[in-house]
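Student:
In my numbering, the protein residues as written are 4 to 701.
1. Quick check on the burial criterion: 16 or more other C-beta atoms within 10 angstroms. Buried or exposed for residue 3?
2. Suppose you measure from the CA of residue 74 to the CA of residue 197; what does that come to, to the nearest Å?
3. In terms of residues, what are the limits of the beta strand (DSSP E) holding residue 458?
4. Grab me the residues of residue 67's own chain with a C-beta within less than 7 Å of its C-beta, minus the 5 sequence neighbours each way, in chain order.
5. In chain order, what residues of the same chain lie with their CB nearer than 8 Å to the CB of residue 448, ignoring the 5 residues before and after it?
6. Quick check: the segment 82 to 100 against the segment 179 to 186, are there 3 or more CB pairs under 8 Å?
7. Count the other CB atoms within 10 Å of the CB of residue 560; is the residue buried (16 or more) or exposed (fewer)?
8. I want to know whether the segment 458 to 476 touches the segment 375 to 385 - three or more CB-CB distances under 8 Å.
9. For residue 339, does the count of other Cβ atoms within 10 angstroms reach 16, so buried, or fall short, so exposed?
10. Please look up how many angstroms separate the CB atoms of residue 395 and residue 214, rounded, as I've assumed it's under 8 Å.
11. Assign residue 434 to one of two classes, buried (16 or more other C-beta atoms within 10 Å of its C-beta) or exposed (fewer than that).
12. Just checking, does the segment 482 to 500 make contact with the segment 97 to 110 on the three C-beta pairs under 8 Å criterion?
13. Is residue 528 buried or exposed, if buried means 16 or more other CB atoms sit within 10 Å of its CB?
14. How is residue 144 classed by DSSP in three states: helix, strand or coil?
15. Whole angstroms are fine: how far does the CA of residue 507 sit from the CA of residue 345?
16. Is the beta carbon of residue 207 closer than 8 Å to that of residue 419?
17. Near residue 347, what residues of its chain come up, given a Cβ to Cβ distance below 6 Å and the 5 sequence neighbours on each side ignored?
18. What does a CB cutoff of less than 7 Å around residue 137 pick up in its chain, not counting 5 residues either side in sequence?
19. Out of 146, 460, 369, 392, state which residue places its alpha-carbon closest to the alpha-carbon of residue 258.
20. Between residue 545 and the rest of its own chain, which residues show a CB-CB distance below 6 Å, the 5 nearest in sequence each way excluded?
21. Residue 243 and residue 111: beta carbons closer than 8 Å?
22. Closer than 8 Å, CB to CB, is residue 89 near chain D or not?
23. I think residue 261 touches residue 501, with their Cβ atoms under 8 Å apart; what is that distance to the nearest whole Å?
24. Using a Cβ-Cβ cut-off of 8 Å (strictly less than) and excluding sequence neighbours within five positions of residue 706, which residues of its own chain qualify?
25. Less than 8 Å between the beta carbons of residue 94 and residue 366, yes or no?
26. Using the C-alpha atoms, what's the distance from residue 552 back to residue 539?
27. Can you tell me whether residue 380 is helix, strand or coil according to DSSP?
28. Taking contact to mean 3 or more Cβ pairs, one atom from each stretch, closer than 8 Å, check whether the segment 516 to 525 and the segment 382 to 391 are in contact.
29. For residue 278, does the three-state DSSP call read helix, strand or coil?
30. Are residue 482 and residue 135 touching if we call contact CB-CB under 8 Å?
31. In chain order, what residues of the same chain lie with their CB nearer than 6 Å to the CB of residue 510, ignoring the 5 residues before and after it?
32. Taking residue 131 as the reference, give the member of 143, 113, 58 with the closest Cα.
33. Return the first residue and the last residue of the beta strand (DSSP E) that residue 441 is part of.
34. Just verifying my parser: in three-state terms, what is the DSSP assignment at residue 448?
35. How many Å lie between residue 252 and residue 246 at the Cα?
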């Protein structure tokens with residue numbers, strides 16, 4: 004087995020090619036005691052390993068690009084396809100779009116949990132791509148015009164063979180119903196497959212580069228989001244144009260081809276991937292330990308919090324380690340921010356719903372060509388593609404140099420402000436759009452996918468600012484949420500936490516749909532939203548969303564101000580993982596992953612007070628102080644040892660002599676002034692205060 008250690012000599016340089024060369028600059032790992040597999044990499048030269056890292060990184064990025072190309076090719080013109088080809092009303096089509104987006108972002112919770120607990124990320128991704136392939140076949144089938152294929156013209160039948168007209172009409176109705184069924188089942192399968200991919204592809208890619216340290220991982224997430232928007236750009240421009248101006252049959256054939264390509268690209272370097280074995284459900288382990296504790300102890304503190312139950316369960320034979328408990332605690336600590344980004348994604352969902360409906364009723368002409376209404380989404384994609392390299396290579400480093408590094412939560416907050424501005428701009432555009440319609444020659448009828456729309460003469464390019472603001476907000480909020488989830492969870496829970504942040508995206512779509520239903524019901528006398536927005540007040544709906552975001556942002560600021568991460572453990576025991584997850588609160592990059600050295604003095608950085616007494620333990624930042632009166636230092640897997648019961652120690656632990664204050668027990672090894680392990684838990688004699696300590700060899 005191989006363990007991953009940070010390469011401190013590697014730096015991230017400018018540009019996409021330089022970033023990829025940085026990704027490939029992994030040095031050979033030292034053998035360790037964790038659960039990672041590195042098939043086909045052992046006993047190879049460093050240059051070969053570098054080529055392998057470059058290969059797997061490119062394949063993962065290309066896989067995501069093709070997956071997003073396929074997904075957005077289906078969702079880009081969903082409202083138009085449902086209304087023009089499947090006979091849905093505008094409200095039903097909008098609802099279908101919102102439910103589809105919601106499920107596609109809720110299922111990642113299931114996908115992440117299954118991968119972390121049982122199947123592993125690699126197998127989950129492969130199975131999910133196969134589900135997507137089946138979904139694309141069904142969606143493609145729904146787009147086929149069977150009457151055209153069989154050369155059946157109902158008007159000709161009515162004239163030449165009126166006796167057969169009823170039969171052909173019935174067949175046509177059945178085919179339309181069948182097409183709806185194929186389409187909806189295909190959408191459901193696509194949401195399931197998307198859930199498995201989205202929760203696991205980004206942590207799987209970051210896992211390949213984790214040995215490079217924090218900067219490489221952060222850069223990977225930025226470029227990962229870059230390829231997402233490259234795929235979306237192709238879908239919203241070329242594919243959307245093909246669907247709107249040629250046929251949906253050919254337009255939906257593109258995502259089918261993209262999904263096949265996605266599968267082949269991902270499987271190509273399958274023997275070179277770093278793969279993490281699933282270790283079972285950490286949640287079920289913790290809850291099982293809680294039940295074991297309560298059933299055996301019958302003590303008064305059984306009514307305390309669930310995390311306390313898990314922490315103390317080892318006193319009574321529970322099988323949950325501090326690593327699991329701390330990891331679960333870290334996930335729970337981040338949950339409030341999963342909820343607080345829901346309103347952001349409610350606004351983001353407007354790009355494929357209300358923003359799209361607004362686009363249909365604006366002038367989409369560009370000379371003699373009608374551009375696709377969905378193409379306005381490319382403005383956001385283009386802004387992301389341009390801004391990500393600038394922000395990643397210049398903005399973040401400059402902020403760090405001037406002493407104002409942007410932590411995860413600050414970046415998320417900036418994105419929320421930009422989203423608020425986007426819906427305010429959209430409301431202003433809606434007011435101006437209707438004002439233009441009331442002027443002489445201010446409206447006209449335009450045809451989109453064989454459907455007539457009464458449109459304002461205001462150019463659709465007036466929507467560029469709102470789409471650009473949404474795109475810029477994604478860089479700060481969506482990208483950072485993925486990185487935040489990855490860095491705040493242990494390996495065994497990274498997929499789950501990533502899924503939870505993606506679920507916030509889904510809940511944002513559901514909240515948008517709920518707000519829409521409430522608005523429709525509450526404004527029946529003076530409607531804000533409906534099938535024909537030209538006679539309604541959709542701008543009020545936009546300003547309502549802006550108000551909700553303003554309130555949400557204030558709550559977010561309060562939560563960020565008091566936020567302290569519960570220390571999380573690691574599953575693989577590597578020092579870089581332990582340092583990454585051992586932080587006690589949100590820190591800048593300068594504070595992360597530092598190693599500490601000492602002679603005869605105890606060094607405690609970032610703690611409320613120094614470790615008292617003669618203890619010479621080296622403790623990195625963000626850890627709690629150890630009371631000097633405690634003579635027993637315990638490892639993880641150990642229960643507190645009372646000084647009067649020196650030999651009463653659970654299994655896997657060695658007795659700690661109370662006269663040896665510097666003795667540390669870890670993995671059945673005791674050393675006088677240091678140790679080889681990476682993470683331990685020291686508990687006081689009353690079992691009320693448990694502190695996470697991370698030690699390094701003196």
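Cβ coordinates follow ideal geometry from the N, Cα and C atoms, glycine included.
Remember, it's a predicted structure, so these values are computed and weren't measured experimentally.
Tutor: Working from what's here:
1. The structure shown does not extend to residue 3, since the chain spans only 4 to 701, so no value can be given for it.
2. On the chain shown, residue 74 is found 71 positions in, with the first residue counted as 1. On the chain shown, residue 197 is found 194 positions in, with the first residue counted as 1. Counting only the Cα atoms, residue 197 lies some 8 Å from residue 74.
3. Here residue 458 refers to the residue found at position 455 when the chain shown is read from its first residue. In the DSSP assignment, residue 458 falls within the beta strand (DSSP E) that extends over 454 to 459.
4. In the chain shown, residue 67 corresponds to position 64, counting from 1. For residue 67, where only same-chain residues beyond five positions count, the Cβ hits under 7 Å are 204, 227, 230, 231.
5. Start at 1 with the first residue of the chain shown, and residue 448 comes out as number 445. Apart from sequence neighbours up to five positions away, the residues of its chain that approach residue 448 with a beta-carbon distance below 8 Å are 455, 456, 457, 458, ordered along the chain.
6. With the cut-off at 8 Å, the segment 82 to 100 and the segment 179 to 186 touch.
7. Counting from one through the chain shown, the residue named residue 560 turns up at place 557. Exposure of residue 560 is indicated by the presence of fewer than 16 other C-beta atoms within 10 angstroms of its C-beta.
8. The segment 458 to 476, when compared against the segment 375 to 385, does touch it at the 8 Å Cβ threshold.
9. On the chain shown, residue 339 is found 336 positions in, with the first residue counted as 1. Burial call: exposed.
10. One-based indexing of the chain shown puts residue 395 at position 392. One-based indexing of the chain shown puts residue 214 at position 211. Actually they are not in contact, since the Cβ atoms of residue 395 and residue 214 sit about 20 Å apart, beyond 8 Å.
11. Looking up residue 434 in the chain shown gives position 431. It counts as exposed.
12. Because the criterion of three Cβ pairs below 8 Å is not met, the segment 482 to 500 and the segment 97 to 110 do not touch.
13. Walking along the chain shown from the start, residue 528 turns up at place 525. By the Cβ-count criterion, residue 528 is exposed, with fewer than 16 other Cβ atoms from all chains shown falling within 10 Å of its own Cβ.
14. Position 141 of the chain shown, counting from 1, holds the residue named residue 144. Per DSSP, reduced to three states, the secondary structure at residue 144 is helical.
15. In the chain shown, the residue the question calls residue 345 occupies position 342. In the chain shown, the residue the question calls residue 507 occupies position 504. Each residue's alpha carbon lies about 5 Å from the other.
16. Working through the chain shown from its first residue, we reach residue 419 at position 416. Working through the chain shown from its first residue, we reach residue 207 at position 204. Not a contact, by the Cβ cut-off of 8 Å.
17. Here residue 347 corresponds to residue number 344 of the chain shown, with the count starting at 1. In the same chain as residue 347, and ignoring 5 residues on each side of it, the C-beta atoms closer than 6 Å to its own belong to 419, 422, 480, in chain order.
18. Your numbering for residue 137 matches position 134 in the chain shown. Correct list, in chain order: 192.
19. Taking the first residue of the chain shown as position 1, residue 258 is located at position 255. When the alpha-carbon of residue 258 is set against those of 146, 460, 369, 392, the nearest one is in 146.
20. In the chain shown, residue 545 corresponds to position 542, counting from 1. Its chain contains 426, 429, 430 as the residues whose beta carbon lies nearer than 6 Å to that of residue 545, once the 5 sequence neighbours on both sides are disregarded; these appear in chain order.
21. Counted from its first residue, the chain shown places residue 243 at position 240. Counted from its first residue, the chain shown places residue 111 at position 108. With respect to the 8 Å criterion, residue 243 and residue 111 are not classified as neighbours on the basis of their beta carbons.
22. Any reference to chain D falls outside this structure, which holds one protein chain only.
23. Counted from its first residue, the chain shown places residue 261 at position 258. Counted from its first residue, the chain shown places residue 501 at position 498. Contact doesn't hold; Cβ gap of about 23 Å is too wide.
24. Outside the modelled stretch of the chain, which goes from 4 to 701, sits residue 706, for which no answer is possible.
25. Along the chain shown, read from residue 1 onward, the residue named residue 94 stands at position 91. Along the chain shown, read from residue 1 onward, the residue named residue 366 stands at position 363. No, Cβ-Cβ distance for residue 94 and residue 366 is not below 8 Å.
26. Stepping through the chain shown from its first residue, residue 539 is reached at position 536. Stepping through the chain shown from its first residue, residue 552 is reached at position 549. In a straight line, the C-alpha of residue 539 is about 23 Å away from that of residue 552.
27. On the chain shown, position 377 is the one that residue 380 refers to. Correct three-state label for residue 380: helix.
28. Of all C-beta pairs linking the segment 516 to 525 to the segment 382 to 391, fewer than three are shorter than 8 Å, placing the two stretches out of contact.
29. For the purposes of this step, residue 278 is taken as residue 275 along the chain shown, with counting starting at 1. The answer is strand: DSSP assigns residue 278 an E or B state.
30. Counted from its first residue, the chain shown places residue 482 at position 479. Counted from its first residue, the chain shown places residue 135 at position 132. Cβ atoms of residue 482 and residue 135: not closer than 8 Å.
31. On the chain shown, residue 510 is found 507 positions in, with the first residue counted as 1. These residues qualify, in order along the chain: 345.
32. Residue 131 sits at position 128 when you count from the first residue of the chain shown. Taking the Cα of residue 131 as reference, the smallest distance to any Cα among 143, 113, 58 is reached at 113.
33. As a working note, residue 441 is residue 438 in the chain shown. It is not in any beta strand (DSSP E) - residue 441 carries neither H nor E in the DSSP assignment.
34. Locating residue 448 in the chain shown gives position 445, where the first residue counts as 1. Residue state, collapsed to three classes: strand.
35. Position 249 of the chain shown, counted from the first residue, corresponds to residue 252. Position 243 of the chain shown, counted from the first residue, corresponds to residue 246. Looking at the two C-alpha atoms, the distance is approximately 8 Å.
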